[in-house]
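Here the protein sequences come in this chain order: A and B. So in the numbering used here, the last one in the first sequence is 650, and the numbering has no gaps at all. So in the numbering used here, the last one in the second sequence is 157, and the numbering has no gaps at all. Cβ coordinates follow ideal geometry from the N, Cα and C atoms, glycine included.
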Amino acid sequence: MAKTGKIIGIDLGTTNSAVAVMEGGSPKIIATTEGRNTFPSIVAFKGDETLVGDSAKRQMVMNPKSTIHSVKRFMGKKHKDEAVKKALKHVSYELTEGKDGMAVVKVNGKDFTPQEISAKVLGKAKADAESYLGETVDRAVITVPAYFDDSQRQATKQAGEIAGLKVERIVNEPTAAALAYGLDKKGTSTIAVYDLGGGTFDISILEIGDGVFEVKSTNGDTFLGGDDFDSRIIDYVLEEFKKEHGKDLSKDPQAMQRIKDSAEKAKIELSSAAQSEINQPFIAQGDDGQPLHLTMTITRSKLEELVDDLIKGSFEPVKKALKDAKLEPKDVQDVVLVGGQTRMPKIQEEVKKFFGKAPHKGVNPDEVVAVGAAIQAGVIGGDVSDVVLLDVTPLTLGLETLGGVRTPLIERNTTIPTSKSQIFSTAADNQTQVEINVLQGEREMAADNRSLGRFILDGIPPARRGIPQVEVTFDIDSNGILNVSAKDKTSGKEQKITIQNSTNLSDEEVEKMKADAEKHAEEDKRKKELVEAKNQANGVAFEIEKQLKDYGDKLDKKDKEAIEENVKKLQELAGKEDVTKEELDKAAEETLTSAQKLGEAMQKANQAKEQPQTDEAEAKPDDKKKAKNKEDKAEAEEGEVVKD
Amino acid sequence: MSKKSVKASAHVDQLQAQLEDLQIKLAQVQEQEKRALADYQNLLRRTQENRLEMIQMANRNLIEALLAPLEHLELAVAQHSDSGLKMILEQLKRSLTEFGLEEIKAQGKEFDVQTMEVAEGSGQGKKVAKVLRKGYLLNGKVIQHAKVILG
């Protein structure tokens, strides 16, 4: 029986956690209720209330003994473990020995296992996912570090169960990161995953064969992370300020707060900019009572200098891991970066230098593990293996309209199957047929695109231009077969064409057509605007001529001649090859102004007659279907496909 | 049983198996279709919600970028009691209020984890003794938590 409900992927981190889910065949990070993509793995007990995530972090300082962070370090560990003793120095809550000598957290006289604390973090992930998906979530894939032993993995699984989640699988964090980049599909490969998070650094060497990941070795530094980078900037700022003004700001909490905020901002800015300004006016007062301002510029190279030893230091564990795996840097085929701090260009550069190849990029390093967990969850839930991969149209499909302009109907990259209809009309009075020229490509002018086929719809009852309504429908089925039909709404006459393989283009062809369109974008735009201006001019001339015919006798001879002259000039101008859009617009404007007298005459005539005006339907030049020449009529057969 | 009927019954069995196979496949496809449809409906619902939120929060980035200059201007006013400068500050605040910005009143209030954050160096009391950085709401949503020191 098919199981219902989605399986979520959870990156249960030491510092931060994230949750993702497969949706429509691709992984999606679920934002927390606070609107962030990750949340601190912190739980706080405050009276009867339990806070998790950002809110727990915000009250951490006032409530240090009841605010539990980094509990992952104690998962499945005995209280007397060396690692526990070391980690204990970095936390302010109490840890004691529980059942079987396991480490447990003591809050307000009550014992909590690390599983119970982690369960609260997982519970938040579950709740956020449920609120996002609008359905109950009771299954999850959870990630753990590759070095986690059986008891730590078991503890993580229990944490999931306490949170009301059936843990479908425990996945190694580096494996999840590799999955996020689809490295499981590459055949045999050796992968290095460099994970520098908020507070821990892990390096893992994986080997993949037949879709199965094997962890060859792991190493790391349990107390190295992005926070150390922030501290270096803060120290530098304090030192520089002291040098310049002789004042130590580290004792002033308000100044420290401002410096902390700006240091973090500068660090982020320096990942994309070469330098960052720190401007904090009125940060202190000088001995003379004058205000002191903190203004300084930090360059990227200065930052790199400040954290040089941290970065270099991270490569020691990398070397050890490679040695344990009996590999050389050159044996590694793929490098994956995890953790927000790996956004720093210098780290990417050093990783590239060390392994001799560029790391994979594209997935947010804060989210890559959760994304991989969601993909694994998708495979288990059947979302991934059975997923219907929907194709997209590689190029825009459209048709030719008045003046040789390409009018798009289905834009490129539209997911198929899809269908789109639009109403077109005739360009000339009493036009009884229209030609549909189906185009594929990105260029503005019809002639520059590829014509997939053409057909003629005839038997349109004679009417004024712009009156007939021809509905053109483009429909692409899931096999990429394009059906184009045109239907005259008055007579009900319909004509259609079927084009096979409208999406079947080689990548090179698609790329070439896109590149051409980019190259000619400006020129094409000008051409199209000119044609549109000509259509507009002809439309104006046409309308005024028509009105002159009906009401010209109501005008002075002189006025009438002046209008006629203007219309003639406008028509001549529209017929010229080397005319510009501006000239045409100006001439059309002038013609319309000169024809105002005609409008007045029309009004008077109508008032005098006191009878309704004949139907003067607005002709929209843009919507005119290209008029077909008479000689084509004889050649055209109904439904004929003209392939070129 | 005649040879013919044996053959016929084998054929029936084969068809039966084929039918069962197709029924299973049909059920799978129907399930898949339902899932796709559900995904789509959920997407529609969320797009609607996101749009609403986007409209309400469209100015968020701009206003967030203005919070630092606003803070600095306030410091300047506190430093120099210049009435012109004070006028400019009031004007700026009024304009931002019109766009939904609201200051979180924290001084002297009881600590509220939804709108405030305790800064390092804080005491263990319950009431806010000092505001290190003002907090703000934009259309009722916290865009900057007030950094406070408790008594």
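- The continuous stretches of alpha helix (DSSP H) do not include V313 of chain A, and DSSP gives it neither H nor E.
- Taking the Cβ atoms as the reference, V147 of chain A lies roughly 5 Å from G15 of chain A, within the contact range of under 8 Å.
- Under DSSP, A492 of chain A shares a beta bridge with A:V478, A:Q501.
- Sequence-distant partners of T194 of chain A (beyond 5 residues in either direction) whose C-beta falls short of 7 Å from its own C-beta, in its chain, are I214, G215.
- Spatial neighbours of K126 of chain A in its own chain (CB-CB distance under 7 Å, excluding positions within 5 residues in sequence) are listed in chain order as V49, T56, V58.
- By the neighbour-count criterion, in which a residue is buried when 16 or more other Cβ atoms sit within 10 angstroms of its Cβ, S11 of chain B is exposed.
- Counted as a single uninterrupted DSSP element, the beta strand (DSSP E) harbouring I214 of chain A occupies residues 207-215.
- A:I74 is the residue among A:N43, A:T44, A:I74, A:T303 whose C-alpha sits nearest the C-alpha of F51 of chain A.
- For S32 of chain A, the enclosing beta strand (DSSP E) covers residues 32-35.
- The Cβ-Cβ distance between K502 of chain A and S491 of chain A falls below 8 Å.
- Counting C-beta pairs with one atom in each stretch, the segment 195-207 of chain A and the segment 228-239 of chain A have three or more that are closer than 8 Å, which means they touch.
- In chain order, P259 make up the part of chain A whose C-beta sits under 7 Å from the C-beta of I155 of chain B.
- The three-state reading of DSSP puts R349 of chain A in helix, counting H, G and I together.
- The Cβ-Cβ distance between Q281 of chain A and I265 of chain A does not fall below 8 Å.
- Linking D562 of chain A to A594 of chain A through their CA atoms gives a straight-line distance of about 22 Å.
- For L403 of chain A, no alpha helix (DSSP H) encloses it; the enclosing beta strand (DSSP E) starts and ends at 403-407.
- Taking a C-beta distance under 8 Å as the contact criterion, Y200 of chain A and V341 of chain A qualify as a contact pair.
- In the DSSP annotation of this structure, the continuous segment of the beta strand (DSSP E) that includes M122 of chain B starts and ends at 122-124.
- Using beta-carbon distances, R64 of chain A counts as an interface residue toward chain B, with a partner under 8 Å.
- Per DSSP, the beta-bridge partners of R145 of chain A are A:I13, A:K172.
- For T56 of chain A, there is no enclosing alpha helix (DSSP H); the residue is part of the beta strand (DSSP E) that begins and ends at 55-58.
- Per the DSSP secondary-structure output, A152 of chain B pairs in a beta bridge with B:M122.
- At a Cβ-Cβ threshold of 8 Å, A109 of chain A and K71 of chain A do not count as neighbours.
- For P287 of chain A, at least one C-beta of chain B is nearer than 8 Å to its own C-beta.
- As computed with DSSP, Q291 of chain A is found in a beta bridge with A:P297.
- In this structure, the CA atom of V324 of chain A is about 21 Å from the CA atom of R79 of chain A.
- In the three-state DSSP reduction, A434 of chain A falls in the coil class, being neither helix nor strand.
- Chain A has no Cβ within less than 8 Å of the Cβ of A23 of chain B.
- Taking a contact as a CB-CB distance under 8 Å, the pair L98 of chain B and L76 of chain B counts as one, their CB atoms being some 6 Å apart.
- Within the same chain, I211, V338, V341 come within 6 Å of A198 of chain A by CB-CB distance, once the 5 residues on both sides are set aside.
- Annotation for F235 of chain A: the continuous alpha helix (DSSP H) segment containing it runs 232-251.
- The C-beta separation of A184 of chain A from V369 of chain A comes to about 11 Å, leaving the pair out of contact by the 8 Å criterion.
- In the DSSP assignment, Y200 of chain A forms a beta bridge with A:I209, A:L343.
- For R57 of chain B, no chain A residue has a C-beta closer than 7 Å to its own C-beta; the minimum C-beta separation is roughly 15 Å.
- When the beta-carbon positions are compared, L333 of chain A and P371 of chain A stay at least 8 Å from each other.
- Across the set A:E100, A:G107, A:I386, A:P120, the C-alpha of A:E100 shows the shortest separation from the C-alpha of V113 of chain A.
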